[in-house]
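Trainee:
Residue numbers (the numbering used here): 76 to 229.
1. Between which residues of its own chain and residue 217 is the CB-CB distance below 6 Å, once the five residues before and five after are set aside?
2. At a cut of 8 Å, does the region 129-147 reach the region 222-229 through at least three beta carbon pairs?
3. Does the region 199-211 come within contact of the region 168-182, defined as at least 3 CB pairs closer than 8 Å?
4. Once DSSP output is grouped into helix, strand and coil, what is the label at residue 152?
5. In chain order, which continuous runs of the alpha helix (DSSP H) of length 4 or greater are located wholly inside the region 117-175?
6. How about residue 154 and residue 186: do their beta carbons lie closer than 9 Å?
7. Are the beta-carbon atoms belonging to residue 141 and residue 150 less than 9 Å from one another?
8. Using a threshold of 9 Å, state whether the C-beta atoms of residue 192 and residue 115 are closer than that.
9. Determine the closest residue to residue 106 out of 184, 125, 92, 85, with distance taken between C-alpha atoms.
10. Any chance the region 81-89 sits against the region 119-126, with 3 or more Cβ pairs inside 8 Å?
11. Using the beta-carbon count (16 or more within 10 Å), is residue 227 buried or exposed?
12. Along the chain, where does the beta strand (DSSP E) that runs through residue 214 open and close?
13. Measuring only the C-alpha atoms, how far is residue 211 from residue 129?
14. What do you reckon, are the CB atoms on residue 138 and residue 117 nearer than 9 Å?
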């Protein structure tokens with residue numbers, strides 16, 4: 076497990092950028108945390124770290140926000156308002172997980188049974204006015220990402 080304290084939104088975005096630089100193959104992230112804990116802020120940094128220049132917004136009402144980048148497809152899911160995991164089947168969820176995609180999923184518990192297993196689980200928690208992030212690996216891909224993160228934070 077990898078842990079770090081993020082002092083503010085700027086640090087959260089920067090951490091997301093660093094995280095994206097540790098991903099050299101397709102990956103799936105499950106993002107856990109209370110409302111306002113920084114899941115979308117972290118995703119913003121991740122997407123910008125891969126070269127996106129525009130706005131990165133929460134897909135709370137659309138379920139997924141796609142970002143087509145030079146080398147990657149990034150899909151940011153927010154399943155907070157998902158009523159039934161079967162809705163994911165209707166939207167073709169399996170098509171989003173490919174060899175050139177990174178999928179970051181907020182509120183993944185709403186899609187259990189339909190979503191694939193994650194490579195990385197990220198927990199964001201309040202620590203006073205700061206945030207603590209805990210990252211754990213669920214696959215060989217996830218372990219490589221954590222190893223690269225540890226090198227960046229030495």
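The beta-carbon is built from N, C-alpha and C at its ideal position, and this holds for glycine as well.
Mentor: This is what the structure gives:
1. Looking up residue 217 in the chain shown gives position 142. For residue 217, where only same-chain residues beyond five positions count, the Cβ hits under 6 Å are 194, 195.
2. no
3. no
4. For the purposes of this step, residue 152 is taken as the residue at position 77 of the chain shown. Residue 152 falls in the strand class under three-state DSSP.
5. 161-165
6. To locate residue 154, count along the chain shown from 1; it is residue 79. To locate residue 186, count along the chain shown from 1; it is residue 111. In contact: residue 154 and residue 186 (Cβ atoms closer than 9 Å).
7. Here residue 141 corresponds to residue number 66 of the chain shown, with the count starting at 1. Here residue 150 corresponds to residue number 75 of the chain shown, with the count starting at 1. Going by C-beta atoms, residue 141 is nearer than 9 Å to residue 150.
8. Translated into the one-based positions of the chain shown, residue 192 becomes position 117. Translated into the one-based positions of the chain shown, residue 115 becomes position 40. In this structure, residue 115 does not lie closer than 9 Å to residue 192 by Cβ.
9. As a working mapping, residue 106 is identified with position 31 in the chain shown. Measuring from the Cα of residue 106, the nearest candidate turns out to be 184.
10. yes
11. On the chain shown, position 152 is the one that residue 227 refers to. So residue 227 counts as exposed.
12. Translated into positions along the chain shown, residue 214 becomes position 139. Note, residue 214: premise wrong, no beta strand (DSSP E); not H, not E.
13. As a working note, residue 211 is residue 136 in the chain shown. As a working note, residue 129 is residue 54 in the chain shown. Using only the alpha carbons, I get a separation of about 29 Å.
14. As a first step, residue 138 must be located in the chain shown, where it is residue number 63. As a first step, residue 117 must be located in the chain shown, where it is residue number 42. In this structure, residue 117 does not lie closer than 9 Å to residue 138 by Cβ.
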